[in-house]
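Plus 7 on top of the position in the sequence shown (first one is 1) and you've got the working numbering. Ideal Cβ placement from N, Cα and C applies to all residues, glycine included. In what follows, a structure is listed as structure tokens, so that the remarks can point back to it.
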Amino acid sequence: MTGPAPEIKSRPDWNNWKWQVSNTQSTRAQLASFLNTPSLTDGLSRVIEKYPWAATPYYFSLIDTHDAQDPIKRQCVPCEHELDFSLPGSDPDPLAEKSHSPYPGLIHRYQDRVLVIATSRCFSYCRHCNRKRNWNAGNTVPTSADIKKMVQYISARRHIREVIISGGDPLTLSAEMLDRMLHDLRKADNVEVLRLGTRVPVVLPMRITKELTTLLKAHRPLWINTHFNHPRELTDDAASACDRLLCAGIPVSNHTVLLKGVNDDVDTLRSLFTGLNRIMVRPYYLFHCDAAKGTDHFRTSIETGVRIMQKLWGETGGLCIPRYVVDLPAGGGKAPVMPSFLLHSDGNTAVFRTSEGRIVKYRGALGAGGNV
Ligand code: SF4
8 MTGPAPEIKS RPDWNNWKWQ VSNTQSTRAQ LASFLNTPSL TDGLSRVIEK YPWAATPYYF
68 SLIDTHDAQD PIKRQCVPCE HELDFSLPGS DPDPLAEKSH SPYPGLIHRY QDRVLVIATS
128 RCFSYCRHCN RKRNWNAGNT VPTSADIKKM VQYISARRHI REVIISGGDP LTLSAEMLDR
188 MLHDLRKADN VEVLRLGTRV PVVLPMRITK ELTTLLKAHR PLWINTHFNH PRELTDDAAS
248 ACDRLLCAGI PVSNHTVLLK GVNDDVDTLR SLFTGLNRIM VRPYYLFHCD AAKGTDHFRT
308 SIETGVRIMQ KLWGETGGLC IPRYVVDLPA GGGKAPVMPS FLLHSDGNTA VFRTSEGRIV
368 KYRGALGAGG NV
């Protein structure tokens, strides 16, 4: 059985995104009711004081309530492990975004692109979020004056060609605000491409309305990166939402985070990535879980990630295989961690181990040389 209250899904307003938002689960009482307990433990109370919780009725309904380790539940229902800070390296700001912020709300970590924090609000709060430090900071949406300063910053650096609008979730903004922000950011004439990071297709697919896709279409070239982590999130509703974006000419790519107890096995990820391929969403990155404070219980080893990638290479096509990357601490940027099939290269011969474990010699691998 899936979902805490199946009858709720037959409500006539179930598909109305505004109804979904106004019925978001976020109170202590709703959490206690879901956990079937008269009151929350002290530990859980401290967790939600530090890291608030919210889940749309739609996303909440994907939980299999009979499974204590349900992967959807692990992503949206708070647990006491969030206050277990025992793993080394955990940091509230694991990617050093603060020190790469030339202006509040603007992060400049890579040469040719900047990231705008459009809001700190999300429709559902992912317990593994690497920006969960911001959830309690109050909602900060850049004003027109802030955007103007960002545009000045971008215009003065001609090598910046892309603006990533992230958050929080920028699709929580009103249509008017989003439209104005996208329009104003384009005033920097060196901006070639906009990219929106949003989990809305996963947690609130009914928000992808005709009006919204028309709005987004007007700001192309615009790419969307979304964030499916488990094949059970690939519902018909989610697939239709992605299709509406694609039909509006907006390419949709996906970031997955490798999460212990959610998707850290080959079968789950193969099913997720082939499912994304089926709905024409590109599996773009598999992120190693960042060392964000409050997410220790989701972290697994890099070796696990490499083993999974190695198996995937042997079992499915390249269009279903994302790049596995570690976002390095202290703003070191993304480091791809692909399994190596090359054992050694010696003179004119390279020796490989295939994904099935066979050793294959490739003679003449030296080729005619090159410029690198
Ligand atoms: S939608 Fe994105 S920003 Fe919001 S909680 Fe989830 S991962 Fe974090």
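Spatially closest choice to residue i from the options, by CA coordinates
i: Ile161; options: Ala337, Asp71, Gly175, Glu199; result: Glu199
i: Tyr117; options: Asp77, His234, His107; result: His107
i: Ile114; options: Val269, Ile286, Arg138; result: Arg138
i: Val28; options: Tyr110, Asp196, Gly312, Pro212; result: Pro212
i: Pro85; options: Val121, Arg128, Ala39; result: Ala39
i: Glu240; options: Ile231, Ala255, Ser278, Leu203; result: Ser278
i: Arg83; options: Cys249, Tyr65, Phe359, Ala125; result: Here the sequence assigns Cys to residue 83, which means Arg is not the residue at that position. Selected option, being the one with the closest Cα: Tyr65.
i: Arg202; options: Ser362, Gly340, Ala125, Thr311; result: Ala125
i: Pro329; options: Gly321, Gly340, His73, Met316; result: Met316
i: Asp49; options: Arg120, Gly256, Ala62, Arg35; result: Arg35
i: Asn284; options: Val121, Ile215, Asn23, Phe235; result: Phe235
i: Gly364; options: Trp320, Thr275, Glu310; result: Trp320
i: Gly268; options: Asp303, Arg289, Ser247; result: Asp303
i: Tyr331; options: Leu350, Asp77, Gly338, Ser308; result: Ser308
i: Ala152; options: Asp77, Pro111, Met287; result: Pro111
i: Arg214; options: Asp271, Arg251, His226, His166; result: Arg251
i: Asp71; options: Ser173, Glu56, Phe41, Gly256; result: Phe41
Distance cut-off 7 Å: residue i Cβ against heavy atoms of the ligand SF4
i: Gly145; result: no
i: Tyr65; result: no
i: Cys136; result: yes
i: Asp176; result: yes
i: His295; result: no
i: Cys129; result: yes
i: Leu133; result: Here the sequence assigns Cys to residue 133, which means Leu is not the residue at that position. Result yes, Cβ under 7 Å from the ligand SF4.
i: Arg35; result: no
i: His190; result: no
i: Arg206; result: yes
i: His166; result: no
i: His237; result: no
Anticipated Cβ contact below 8 Å, residue i with residue j, distance rounded
i: Glu87; j: Leu51; result: 6 Å
i: Thr263; j: Leu293; result: 5 Å
i: His295; j: Val333; result: 4 Å
i: Glu89; j: Arg134; result: 7 Å
i: Asp205; j: Asp243; result: Note that residue 205 is Thr in the sequence shown here, rather than Asp. 19 Å between Cβ atoms; not a contact.
i: Ala75; j: Thr31; result: Incorrect: roughly 23 Å between the Cβ atoms, too far for contact.
Element boundaries [beta strand (DSSP E), containing residue i]
i: Glu169; result: 169 to 173
i: Lys341; result: 340 to 343
i: Ala357; result: 356 to 360
i: His262; result: 259 to 265
Residue i, enclosing alpha helix (DSSP H) - first and last residue
i: Asn141; result: Per DSSP, Asn141 belongs to no alpha helix (DSSP H) and is neither H nor E.
i: Val158; result: 151 to 162
i: Ile309; result: 309 to 322
i: Leu51; result: 49 to 57
i: Val210; result: 207 to 210
i: Ser247; result: 243 to 254
8 Å Cβ cutoff, residue i in contact with chain D
i: Gly256; result: Structure shown: chain D not included; a single protein chain is present.
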